[in-house]
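Q:
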Amino acid sequence: MNETHHLRRMTTIWVILSIAADLLGWFVLGPHMPPGRMTETAYHDQIDFNILLMVALPVVIGVWVYMGYAITVWSAKRAPDPVGGDAARGNTRTQVLWISITSVMTLAAAAFGTWALVVDHGSGGGEGPNPIWAPSGAAQAETAAFSPNSGWTPGQALPVQVIGQQWKFTYRYPTFGGFETSQLILPDNATIVFNVTSLDVIHSFWAYQLGVKADANPQVNDVAYTETKQLGSFMVRCSELCGIWHGAMYNSGQVVTPAAFQSWAQQTEAANAANTKLLPPFAWTYVPDANGANGGYYPDGKATPYSSVEVYGSKNPAS
Amino acid sequence: MTISAERPVATSGGATTTTERVSWTQRPGIWSQHLGTAIVGAIVGYLLGHWLGNAIASSYPYIQNSGQNVIAVTLGEIFGVAGWLLGIGALNYPLAKMAGRQPGKEVDVQGWSKYFRYSTNHKTVGLQYVVGVLLFLFTGGLLAMAIRTELLNPTTHYFSADTYIKIVSEHGTVMMMMATSIVVGPLGNYLVPLMIGSRRMAFPRIEAFSFWVFTAGYMVIFSALPLGGFPTGWTGYAPLQTQAGPGMIGYLFGFAVIGMGMMAAGFNMAVTIINYRAPGMTWSRVPILVWSLLATSALLTLATPTLFAAGVFGLLDKTAQTAFYVNEHGGSAYLWQNLFWFFGHPEVYIMALPGFGIVGEILPVFTRKPLFAYKVGAAGMIGVALLSFFVWQHHLYQSGINPDMRPLFMLTTELISIPTGFIYLVGMGTLYKAKIRFEIPMLFALALYFNFLIGGVTGVFLSDVPVNVTVHGGFFVLSHFHYTIMGGLLFAFMGGLYYWLPKMTGRMLNKKIGLWHFWTMFVFFNLTFFPMFIIGLLGQPRRVFTYAKNLQGLNDFSSVSAFLLGFSFLIFAFNMVYSLWINPQKAPANPWDSRGLEWQTANPVPSYNFERIPVVLSDPYRYSEPGAPAVADLGDAGLVHAAPQD
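In the order they appear, the protein sequences are chains A and B. 1 is the number of the first residue of the first sequence in the working numbering; add one for each residue after it. 1001 is the number of the first residue of the second sequence in the working numbering; add one for each residue after it.
(1) Compute the minimum distance between the beta carbon of B/Asp1108 and the heavy atoms of the ligand MG, and state whether it is under 7 Å.
(2) What residue range is occupied by the uninterrupted beta strand (DSSP E) comprising B/Gln1398?
(3) Using a Cβ-Cβ cut-off of 8 Å, state whether B/Thr1470 counts as contacting chain A.
(4) Taking only beta-carbon positions, decide if A/Lys168 is within less than 8 Å of chain B.
(5) Measure the alpha-carbon distance for A/Gly292 versus A/Leu278 and round it to whole angstroms.
(6) Do B/Ile1436 and A/Ala70 have their beta-carbon atoms positioned less than 8 Å apart in this structure?
(7) Check whether the segment 1033–1050 of chain B and the segment 1102–1117 of chain B are in contact - that is, three or more C-beta pairs closer than 8 Å.
(8) Measuring only the C-alpha atoms, how far is B/Ile1078 from B/Pro1287?
(9) Note down the Cα distance separating B/Gly1080 from B/Ile1043, rounded to an integer number of angstroms.
(10) Alpha carbon to alpha carbon, how far is A/Tyr225 from B/Met1201? Give it in angstroms, no decimals.
(11) Comparing the C-beta of B/Gln1243 with each C-beta of chain A, is any distance below 8 Å?
(12) Per DSSP, what kind of secondary structure is B/Tyr1621 in: helix, strand or coil?
(13) Listed from N- to C-terminal order along the chain, which residues in the segment 1414–1427 of chain B have their beta-carbon within a distance smaller than 7 Å of any beta-carbon of chain A?
(14) Using a threshold of 8 Å, state whether the C-beta atoms of B/Met1269 and B/Leu1293 are closer than that.
(15) Nearest to A/Ala260 by alpha carbon, out of A/Thr228, A/Gln219, A/Gly243, A/Leu186?
(16) Starting from B/Asn1069, find everything on chain A with Cβ-Cβ shorter than 8 Å and list it in chain order.
(17) Is there a Cβ of chain B sitting closer than 8 Å to that of A/Met67, yes or no?
(18) When DSSP labels each residue in this structure, what does A/Trp206 get in the three-state scheme?
(19) Less than 8 Å between the beta carbons of B/Val1631 and B/Pro1279, yes or no?
(20) Inspect the beta-carbon positions of B/Ala1186 and B/Val1130 and report whether they are closer than 8 Å.
(21) Do B/Arg1021 and B/Lys1097 come within 8 Å of each other at the CB atom, strictly closer than that value?
(22) Measuring straight from C-alpha to C-alpha, what distance separates A/Asp215 and A/Thr268?
(23) Look at the alpha carbon of B/Ala1628 and the alpha carbon of A/Ala87, and state the distance between them as a whole number of angstroms.
(24) Looking at the unbroken beta strand (DSSP E) that takes in B/Leu1086, where does it start and where does it end?
(25) Any C-beta of chain A within less than 9 Å: which residues of the segment 1494–1513 of chain B qualify?
(26) Could you tell me how far apart the beta carbons of A/Thr276 and A/Thr197 are, in whole angstroms, since I believe they sit closer than 8 Å?
(27) Can you tell me whether DSSP reads A/Gly295 as helix, strand or coil?
(28) Tell me which residues share the same chain as B/Asn1402 and place their Cβ nearer than 8 Å to its Cβ, disregarding the 5 neighbours each side in the sequence.
(29) Compute the distance between the beta-carbons of B/Leu1537 and B/Phe1476, then report whether it is under 8 Å.
(30) Could one say the Cβ of A/Ile13 lies closer than 8 Å to chain B's Cβ atoms, at least one of them?
(31) Residues in the same chain with beta-carbon distance under 7 Å from B/Asn1575, minus the five sequence neighbours each way, listed in chain order, please.
(32) Is B/Ala1385 near B/Tyr1325, with beta carbons less than 8 Å apart?
(33) Can you pull out the residues from the segment 1581–1611 of chain B whose beta carbon lies closer than 9 Å to at least one beta carbon of chain A?
(34) Return the residue from the list B/Leu1300, B/Phe1438, B/Pro1588, B/Val1523 that minimises the CA-CA distance to B/Met1177.
(35) Mapping DSSP to helix, strand and coil, what is A/Met33?
(36) Under the three-state reduction of DSSP, which class applies to B/Lys1375: helix, strand or coil?
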């Protein structure tokens, strides 16, 4: 069998399997791929994943088909003696083609990833304190965060602060008086501005179905955006090792109708008012010390500050 | 070249012919320096350091609630390692020189006791490393079994959360430490001089030092367990690191110690390859494994100092109250992440490149074809090594640092798949119209191409920032790097052992048991780790002791497969014992019909490898080429055509 026949056979098998795998991947698996379609960022992340999958499947199948063919056809029991010499040591056309194809694919993947990152405003990933790709309304939301009574109306972006600490996430709603709760309730059809920080070690806020992941660093405000599109509950997990109970650091949140959200937020603000007074004022980050995060409600029963010497006497705990 | 002038006159059949004082490390009998004195040195050193720490800082920086004085623990570890090195004799030469005395004569010890001594013979060090890395591998593997046991059930726990996270951390760190040296140490030290036509490594004492400091690192990292363990995983992120108890000292100092060994090994390897090539061993004739080890050595030498510095900064934060990683006092937790990954990503390629080199050696022998696109392969390895210094922040996509740099790191990370692809070009090209012999080394080489493809392609998913949002920090990334490191490097290492152990030990490994080993390892490796991609995509983060109930089926499948994967290593261990001791079969001088220069020496390899430095006439891959030039002129042994022509 001459060279052309080998390549033609392999190519035929490869094309058939690749088309089948891609069709299966796009139409059967694709719509169910994580993180789902609950938000705009999740939807884009899913499309991004599926497009990479469409490219990856033919690559993997190509190498496997080639290897399978080689193992079957060119085994020592069957194959004629190979030919050595210069022709077997390299082939300029093959080498140039290989390098060109892999280079084009690689550059295309990088360009596509960058495009997806920019148009989707960071794709739900943590963009640090000064995001450069922000959705419209995000800036106003950040300003509104310091107007504790500004509330939220449909069409506005909603700022939510995520505070990680060993070993739970809590959420502050700065436009609703800055109340803090362990429930994460979000309105549907709204841009959400997550401001993620930590009080102790590094955590990572991973709202799986929302397509949002941002590290919670102490003294850093890591901002991530998303836009809710579907009602329902979603899972929140810590995805950065944060100590012994890292595995237990999870809860769930809910996307509800705008009206239900407003009702919940107002009720919670009222119910938590007494506690909210004792919290440190809303800030992008908090510096915990012996007095707590910028002061607060601590063991001596007073608000802030308290004297650790008064409380503990000479056995002053380390600050 | 004047290498022959470097042959010491002191040896002739192992006996000294001069009356010069022989170094304590090479004196016969128990009254000398050996593993026993090293252990005594380590214990005495630890106790002395611990006492000194308590004496000089008796009440100052006790770690809260630990009952341990951090200064005492740190000094104990430092003095313990110093005692270990002093006990084995690593410091004899420099100390004698510093004292103005003539160091003891170093001779080549014969007999089995040489494996327990500070030997400067590269073949002894290579075999010492084989045992050393297997010890690392098996202890790390036992910890992996513990992890998979815990993950059998999301609600019934076999370990406490505290114990579990310490097991996870210890497993990751031990395996990473092992993987940095698994090829450079055993195969690199043993084979490089033979492959390039040298009688020795450039710096034999540094070579021996790298092994004994590697073993010291093993003890330091395991000393973390009795000190309470550490909860940070192998990445050791601050502030969790700052918060952790005295076990963290074991991690920080352990990496610093292992780092010293890595730097020493890499530096020695690079100098040897550059300067000790035989006449005629031009760069276009250097075996592909040597190219891969040169690229790896560059990474070991240039990236590891960052790890060492990072570890020392961490130790200073814990002991001298500096604030390198303490935000509140002006430091930055990001500093650790940057330093760690600036080392950590080149390290990933330290753990990939040698595997590519091994399969590059194996393929031509078992296909009877020249290595396809050899120069492209060598360029690919150098390209990977260079690019690996420019990708580290892809570990920090979601960290909030430098978000505007993400497109750049996405580009550099994806660019690295171009030179990595060269390795596939080499492999697939060599398979073309070949005559494949399915011996055990070849099976492992083919398995690398199968496994690493999955690892490499999933790496492209991880490098894409939008997709990274979902897959970062979960089981997807865990599976990805197990596919590259275990599926790539470890499979290549196993292939390398089956291929070269006949040269190293003079014994063939049993093929039938080898087939059982290969197939169980290959099948259960894939059955263990492939489901983890799905587990990760379904939302399970890494390093958790509990997970969503609906993921139990997949986790159980993975765990049971992992136990069987562990069993495959027992088959390998049995094969080693059976083939080397129970039923040893003498290996032919060149059992695979290889043209490699390393196969042209006598079996067992003489103390100085080559009676006369060979003159290399051709590259080692000219299989199936009628009239191919001889590989080398070995002097009295004549021209070596090596393998019979097919």
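From the three backbone atoms N, C-alpha and C, an ideal C-beta is built for every residue, glycine too. In this text the structure is predicted, and so the values were computed from the model without any measurement.
A: Reading it off the structure:
(1) Looking for the ligand MG in the displayed structure turns up nothing, as the structure carries no ligands at all.
(2) That residue, B/Gln1398, is in no beta strand (DSSP E); it is neither H nor E in DSSP.
(3) yes
(4) no
(5) Per-residue confidence for A/Gly292 stands at a pLDDT of 49, beneath the threshold of 50, marking its modelled position as unreliable; the derived number appears in the next sentence. Cα to Cα, the separation comes out at about 11 Å.
(6) yes
(7) yes
(8) 39 Å
(9) 6 Å
(10) 56 Å
(11) yes
(12) coil
(13) Glu1414, Leu1415, Ser1417, Ile1418, Gly1421, Tyr1424, Leu1425
(14) yes
(15) A/Leu186
(16) Under the 8 Å cutoff, chain A gives no residues; its nearest Cβ is about 15 Å from B/Asn1069.
(17) yes
(18) strand
(19) no
(20) Sequence check: residue 1186 of chain B is Pro here, not Ala. Against a cut-off of 8 Å, the Cβ pair of B/Val1130 and B/Pro1186 comes out as a contact.
(21) no
(22) 27 Å
(23) 14 Å
(24) Unbroken run through B/Leu1086 is the alpha helix (DSSP H), 1070–1088; no beta strand (DSSP E).
(25) none
(26) Incorrect: roughly 18 Å between the Cβ atoms, too far for contact.
(27) At A/Gly295, the pLDDT of 45 sits below 50, so the modelled position is not reliable; the number obtained from the coordinates is stated separately. In this structure, A/Gly295 counts as coil in the three-state DSSP scheme.
(28) Gln1393, Leu1396
(29) yes
(30) no
(31) Leu1509, Asn1510, Ile1513, Gly1514, His1517
(32) no
(33) none
(34) B/Leu1300
(35) coil
(36) helix
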